[in-house]
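**Student:** Below you will find the structure I want to go over with you.
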Amino acid sequence: MSGNHYYYGDSVNMHGTRDSIGMVKHQNGNGAEQLAPAVVTAIGELHRMIEDLRVRLDGPNAQLVADSLPALNPAAAVSAQERHRALVTVAGVVSTLGAVGQPVAEAVRAVIELLGG
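Numbers in the numbering used here are just positions in the sequence shown, counted from 1, shifted up by 2.
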């Protein structure tokens with residue numbers, strides 16, 4: 003690359019063409035996925051269970067879960083990878099609680115299965 007040319011987003015250069023009418027893009031701009039109703043319901047139940055369990059978490063673990071919650075909002079425009087990372091984080095934290103965290107861990111597992119992962 004030479005010169006001070008900076009391109010952000012799409013850059014299209016066309017040479018020697020005719021009858022070109024545009025560019026076709028098949029993608030969602032933010033990488034987010036549309037969730038099935040069953041997944042939305044399961045995530046809602048998971049949120050309720052996490053809220054009930056948060057009082058048992060210490061500072062660092064409570065912060066890890068709090069940091070993961072935005073990616074677990076069904077309306078959030080997050081990638082599947084980010085949502086999966088948040089689910090795995092929550093599962094790891096609640097596993098430290100033993101039997102008390104088991105129902106939440108199972109709910110996380112169910113959401114991951116519904117997401118196909």
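Idealized CB from N, CA, C, for every residue including glycine.
(1) Does DSSP put residue 116 in a helix, in a strand, or in coil?
(2) Below 8 Å, how does it come out for the stretch 50 to 59 and the stretch 75 to 86: are there three or more Cβ pairs, yes or no?
(3) Would you report the Cα separation of residue 95 and residue 16, rounded to the nearest angstrom?
(4) Relative to the C-alpha of residue 105, which residue among 48, 18, 37 and 19 is closest?
(5) Does the separation of the CB atoms of residue 113 and residue 44 fall below 7 Å?
(6) Cα-Cα, which of 82, 69 and 63 is closest to residue 37?
(7) Buried or exposed, going by whether 16 or more other CB atoms sit within 10 Å of the CB of residue 97?
(8) If you compare alpha carbons, which of 117, 118, 109 and 115 is closest to residue 50?
**Tutor:** Answer, in terms of the structure:
(1) Here residue 116 refers to the residue found at position 114 of the sequence shown. Correct three-state label for residue 116: helix.
(2) Counting C-beta pairs with one atom in each stretch, the stretch 50 to 59 and the stretch 75 to 86 have fewer than three that are closer than 8 Å, which means they do not touch.
(3) What you label residue 95 is simply residue 93 of the sequence shown in a count that begins at 1. What you label residue 16 is simply residue 14 of the sequence shown in a count that begins at 1. Taking the straight line joining both Cα atoms gives about 52 Å.
(4) Along the sequence shown, read from residue 1 onward, the residue named residue 105 stands at position 103. In terms of Cα proximity to residue 105, the closest of 48, 18, 37 and 19 is 48.
(5) One-based indexing of the sequence shown puts residue 113 at position 111. One-based indexing of the sequence shown puts residue 44 at position 42. With contacts defined as CB atoms closer than 7 Å, residue 113 and residue 44 qualify as a contacting pair.
(6) In the sequence shown, counting from the first residue as 1, residue 37 sits at position 35. The residue with the shortest Cα to Cα distance from residue 37 is 82.
(7) On the sequence shown, residue 97 is found 95 positions in, with the first residue counted as 1. Counting Cβ neighbours within 10 Å, residue 97 comes out exposed, since fewer than 16 surround it.
(8) Along the sequence shown, one-based indexing puts residue 50 at 48. Per the C-alpha coordinates, the member of 117, 118, 109 and 115 positioned closest to residue 50 is 109.
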